[in-house]
Each structure stands twice: as C-alpha cells, then as structure tokens.
Ligand SMILES: Nc1ncnc2c1ncn2[C@@H]1O[C@H](COP(=O)(O)OP(=O)(O)OP(=O)(O)O)[C@@H](O)[C@H]1O
Ligand SMILES: [Mg+2]
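In the numbering used here, the protein residues as written are 259 to 480.
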C-alpha cells in the first residue's frame, strides 16, 4: 500500500514586499486507495500545495515523503531535481484542467508514451487496456482535437493511471467540463483510482466533487 506523509510543511512564494506565506505547519497522511480534496478560494495555495506534493515546488520547511507500495520511502522535498523527476515519472500521475494531451499523438499513443516514460514493458498493450477501462477503447486512433472535452479528459485519466502510480494529483480535473460531463469524468476518476489502488489528491471548487473524497483540506487560513 502506497503512503504519503507530509510533516510541518511551509511554503512561501514571491519576494520582498510581495512575499506571501501560503501555509505553514501543514501535516497530512494519505494511504493508497484514499482520496483528499483540496479546497479554498482562488489564490489560497491549492495548486501550489499540489506542486509541493509532486516535487515541482520546494518548500521552505518541512517534509514530503512518499512510500510507493513495496518500495523505500523517498523524501521528495529533500532530493535533487533528477531524482524528483524520475520519481514523478515512475510513481505519480497528473491530471490538469485543460487536459494537456500531446496534439500530434493519438489517444492510444498519448497513454502509451507515459507507460514508456515510466519504464513499463508492453506500453501499447497497457495503454489499450487502460483506454478500455475509461470507456474509450474504440477511440484509440483518434487525435485529441477530434475528441470532446470529456473524452480528452478520460484519455488524460488513462495517461495518469497507466503505469500504476502511487498517487494521482489532479488540479481541477472537471473545471473545464459541463455539469453532466464533469460528473461522468469524476465517476471514472474515482472508480479507476480505486481499481489501481492509488491515492488521489484533487483540487476542486466543486462541492459535489469534494464530497466524493474521503477527506477535505480547506486552504486559506495560513
Ligand atoms: N512563483 C510564484 N511567485 C509569486 N507568487 C506566486 C508564485 N506561485 C504562486 N504565487 C501566488 O501564490 C498564491 C497561490 O497561488 P495558487 O496558484 O497556489 O492558488 P490556487 O488556490 O490554486 O488558486 P486558483 O483557485 O485560482 O487556481 C497566489 O496569490 C499566487 O499569485
Ligand atoms: Mg489553482
């Protein structure tokens, strides 16, 4: 079972008169199969916290420690950029508001590319199975621009999960979709994260989406 442990985390951004402490003394733990929603007003630091957890931003104090299932613990906040990006590729999956698929690759190739980056064997077969799991098995040869927003986001979910990550970090994954499509994508996200046993950390403004998660962390109180 994968595990995330965050101890006494402090993140400041900006400099001089513009310096801003987004949070300090933040603690949390999350196990594989559990989900956490990050909420709070615009500018409260939700994306910044997600970036800290994914090793894309370095905190001023505290520790972010990941223990993928059956693997040693990695203190992501304390290792160098090379080790952080290797860890991200192998053990994390990211989902963004605006999908961020590679436009020149088909849906299948977008997913297979991530499996390959993560060092998995048989990346095409894995990608095919994962596209099937998100209900897009028949659209593998489609290019992103020919897919609807909801379909593109399901390809992005498949890409985030194809390598069996310890966790999926999702920043407003339904923020660019209409209500019904958002519900359908959220259902697939929670179902597939549970299926592969990953942890899920998701930023959302949508109370209905936050309510699907096992817990909520509201930012904005420092
Ligand atoms: N590199 C940076 N330098 C200076 N300020 C920054 C930097 N990164 C973020 N900030 C500031 O930190 C605050 C938090 O930003 P962040 O993007 O984490 O907020 P958010 O909660 O995700 O907001 P939204 O809901 O609008 O996406 C903002 O005021 C932002 O301007
Ligand atoms: Mg944000």
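Glycine included, every Cβ here is placed at the ideal spot set by N, Cα and C.
Note that the coordinates shown come from a computational prediction; the quantities given were computed from them, not determined experimentally.
Legend entry - residue 290 (DSSP reduced to helix, strand or coil): Coil at residue 290, not helix or strand.
Legend entry - Check: residue 460 C-beta below 7 Å from any heavy atom of ligand 1: no
Legend entry - Reference residue 427; option with closest CA among 292, 381, 277 and 459: The candidate whose alpha carbon is nearest that of residue 427 is 459.
Inset, instruction - Could you tell me whether any non-hydrogen atom of ligand 2 is closer than 7 Å to the CB of residue 429? - result: yes
Legend entry - Nearest residue (CA-CA) to residue 388, options 403, 423, 407 and 471: 423
Inset, instruction - Using only alpha-carbon positions, find the residue among 337, 435, 394 and 302 that is nearest to residue 364. - result: Here the closest residue by C-alpha is 394.
Inset, instruction - Using three-state DSSP, classify residue 306 as helix, strand or coil. - result: Helix.
Inset, instruction - Would you mind working out which of 354, 295 and 307 sits nearest residue 433, comparing C-alpha positions? - result: The residue with the shortest Cα to Cα distance from residue 433 is 354.
Legend entry - Cβ-Cβ distance between residue 476 and residue 298 below 8 Å: yes
Inset, instruction - Measure the alpha-carbon distance for residue 272 versus residue 415 and round it to whole angstroms. - result: 32 Å
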